[in-house]
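Residue numbers (our numbering), protein chains in the order written: chain H, -1 to 170; chain B, 1216 to 1718.
Glycine residues also receive a C-beta, built at the ideal position from the N, C-alpha and C atoms.
As the structure is a prediction and not an experimental result, all values here were calculated from the model.
These notes concern the structure reproduced below.
Dropping the structure here:
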């Protein structure tokens, strides 16, 4: 069942020059990443849970279950490090990371979150949508402005007039 | 109250004008939302959950259920026309539906999909009606250990069926449980992992779901989606109808798909997405021309569509009668019920007969509505999808941000959505499936609660899970699910290694 969703570019970026094993230094380093991260996360969770009241098995405190789960995660991380899939899989068959989209959309959501309480819903929508539209290349400055205004108006009608959302439209 | 009068009550409730309207709204909204890529039933239900606070429980359930199966069909629309599956259960639809559309027969694919969906729904509904009563009576035998074991089995079942490494799926599930524990511990009132004050009420499920699936999908779709070209589409009626031969090949795949879907739907921890994959795999395996799959075989379209609808309907069985959701969407429905003051469980049928039977009857009504609406709408759907992606995703982001914010009037939730969006992208790059995490997030607190209660009742005796018969069955099932795939894979590798050595 070969499925490549929506024309994604499957000839992705590969790492550095490959060595004698045919896999690059970067690929090999990344192979440890999943297991290592799992162990790290599990370990810190268990450590944090140790600080809560653990209780006993017949009267579990708030820390018991998280502690056990943290240890389970550490165990899974160890298993991941040893499993075959962890090593073989980090191939270059991956679409390139769209950093531009990630930055623009992230800043869009951040702007929305920062503005909605301080400046109101409409500025939040306007700036948010505008920043999001900057992730498309080529950037269409004017049509993005127009579309942001359109969506702002739409948002006002639907959310404030229509649904009566308890949030101020603008800051004045 | 016997079955016939219950059904009568249900139909009367479902066909009442107000409820009919909500079913219609639900189905339409679900379809529209399901069509938008990256936004599926999960997002639709999360977005519209706050709206249902203003409706009474029956109406909100009817609408939410309509959104649920409406979105599955909407997902199929996008899947067939654009190869952008709108929902996880529509991924399989594009295997055969998209080639069919590319050959200039999108209307045929859409029609087959909608009729197959109705077929699957009817079968699932019959099983729901026939099985709901005995199953709920059976459910009264369930104590805390049984629930704990069942939840465990369901969670393991859900994580192993996803593609890719089972180990990572389980790790994601564990992580999800831990995230679900963030907040205030119910028993002691202690704060757990509360880094900012707003998290004292836990991480918002809506934020997690939207971020993990919606936002991360937008991250990956930008750029690639807009590079896609337009498809030549014919809107003549003759080209929109399947041939007689295709109708003749309808019944068997439809029934097989419905059977598979009903089985998966009834088991908690599995859902429509998994059911559709299994149905497709089965059709391919028993077909006389498996090599033709991928070029527009109707069987490969009918069976998954039938199974995902059957699964979505029978998925309500464990949710309504046992209070254990079958997948993440069911878990949200469960949440919706609880918010509305209804605690699902064996007594829901006797305590709230109008709600229960009304919702069930509205499944039938809603699915029929779906087919009836879509017959003329097929042309419209085809045209709607020519909205370029650059206009689509800002709108989706807008809805996501406002929806998440307004759920708890909390800016922290918007940050959560962003964090989980980034997390979701990173995780899928590293081949860590995000879906088990969501399931763990929703079911984790439940698991802890039942485990705690079992241990309290039985003085910390862990063997109780194996000494009580029902619980033992589930625990054995969980162990089998967990250990059978890697063991059989190991045996298979061993056998092929031995064969190649002797060859």
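The beta carbon of residue 1702 of chain B does not come within 8 angstroms of any beta carbon belonging to chain H, so the residue lies off that interface. Along the segment 55 to 87 of chain H, the positions whose C-beta sits under 7 angstroms from a C-beta of chain B are 55, 56, 57, 58, 59, 60, 63, 64, 67, 70, 71, 74, 77, 78, 81, 83 and 87, read in chain order. If you ignore the 5 residues before and after residue 1521 of chain B, its C-beta comes within less than 6 angstroms of the C-beta of 1331, 1334, 1335, 1469, 1472 and 1473, all in its own chain and listed in chain order. Taking the C-beta atoms as reference points, residue 1389 of chain B is found no nearer than 8 angstroms to residue 1398 of chain B. Of all residues in the segment 1604 to 1621 of chain B, those with a C-beta nearer than 8 angstroms to a C-beta of chain H are 1605, 1606, 1608, 1609, 1610, 1612, 1613, 1616, 1617, 1620 and 1621, reading in chain order. Of the residues B:1459, B:1523 and B:1402, the one whose Cα lies closest to the Cα of residue 1481 of chain B is B:1523. Taking 8 angstroms as the cut-off between beta carbons, the residues of the segment 1412 to 1435 of chain B near chain H are 1430, 1433, 1434 and 1435, in sequence order. For residue 1670 of chain B, the C-beta contacts it makes with chain H under 7 angstroms involve 55, 56 and 58, in order along the chain. Residue 1249 of chain B carries a helical assignment under DSSP once its states are collapsed to helix, strand and coil. In the three-state scheme derived from DSSP, where H, G and I count as helix and E and B as strand, residue 135 of chain H is classed as coil.
For residue 44 of chain H, not one C-beta of chain B is nearer than 8 angstroms to its own C-beta. By the C-beta density criterion, residue 97 of chain H is exposed, having fewer than 16 other C-beta atoms within 10 angstroms. Contact of residue 1514 of chain B with chain H is not assigned, every C-beta pair being separated by 8 angstroms or more. With the rule of 3 Cβ pairs closer than 8 angstroms, the segment 1688 to 1707 of chain B does not count as touching the segment 1419 to 1436 of chain B.
For residue 1555 of chain B, there is no enclosing alpha helix (DSSP H), as DSSP marks it with neither H nor E.
Where residue 1415 of chain B is concerned, there is no enclosing alpha helix (DSSP H), because DSSP gives it neither an H nor an E. Residue 1398 of chain B is bridged by DSSP to B:1407.
Closer than 8 angstroms at the C-beta level to chain H, one finds these residues of the segment 1265 to 1288 of chain B: 1266.
Chain B places no beta carbon closer than 8 angstroms to that of residue 168 of chain H, leaving this residue out of the contacts. Flagged as an interface residue toward chain H: residue 1645 of chain B, by a C-beta distance shorter than 8 angstroms. Boundaries of the alpha helix (DSSP H) harbouring residue 1462 of chain B: 1459 to 1463, taken from the DSSP string. At a beta-carbon threshold of 7 angstroms, the residues of chain H lying near residue 1408 of chain B are 46, ordered along the chain. Spanning the alpha carbons of residue 130 of chain H and residue 1458 of chain B requires a straight line of approximately 45 angstroms. Within its own chain, the residues whose Cβ lies closer than 7 angstroms to the Cβ of residue 1391 of chain B, once the five positions on either side in sequence are excluded, are 1651, 1652, 1653, 1654, 1655, 1656 and 1659, listed in chain order. Under a 10 Å Cβ-count criterion, residue 1318 of chain B is classified as exposed, with fewer than 16 other Cβ atoms of the shown protein chains found around its own Cβ. Residue 1287 of chain B counts as buried, since no fewer than 16 other beta carbons sit within 10 angstroms of its beta carbon. Every unbroken stretch of the alpha helix (DSSP H) spanning 4 or more residues and falling wholly within the segment 1609 to 1646 of chain B is given here in chain order: 1626 to 1644.
Residue 1536 of chain B: not part of any alpha helix (DSSP H); DSSP gives it neither H nor E.
Less than 8 angstroms divides the Cβ of residue 1531 of chain B from the Cβ of residue 1343 of chain B. Per DSSP, residue 1305 of chain B has no beta bridge partner at all. Per DSSP, the beta-bridge partners of residue 58 of chain H are H:53. The criterion of a C-beta distance shorter than 8 angstroms is satisfied by residue 153 of chain H and residue 1617 of chain B. In the three-state scheme derived from DSSP, where H, G and I count as helix and E and B as strand, residue 1681 of chain B is classed as helix.
Contact annotation for residue 130 of chain H against chain B: 1608, 1609 and 1612 [CB-CB distance below 8 angstroms, chain order]. Between the C-alpha atoms of residue 1460 of chain B and residue 1316 of chain B there is a straight-line separation of about 18 angstroms. Contacts between residue 151 of chain H and chain B, judged by CB atoms closer than 7 angstroms, are missing: the closest CB pair is about 12 angstroms apart.
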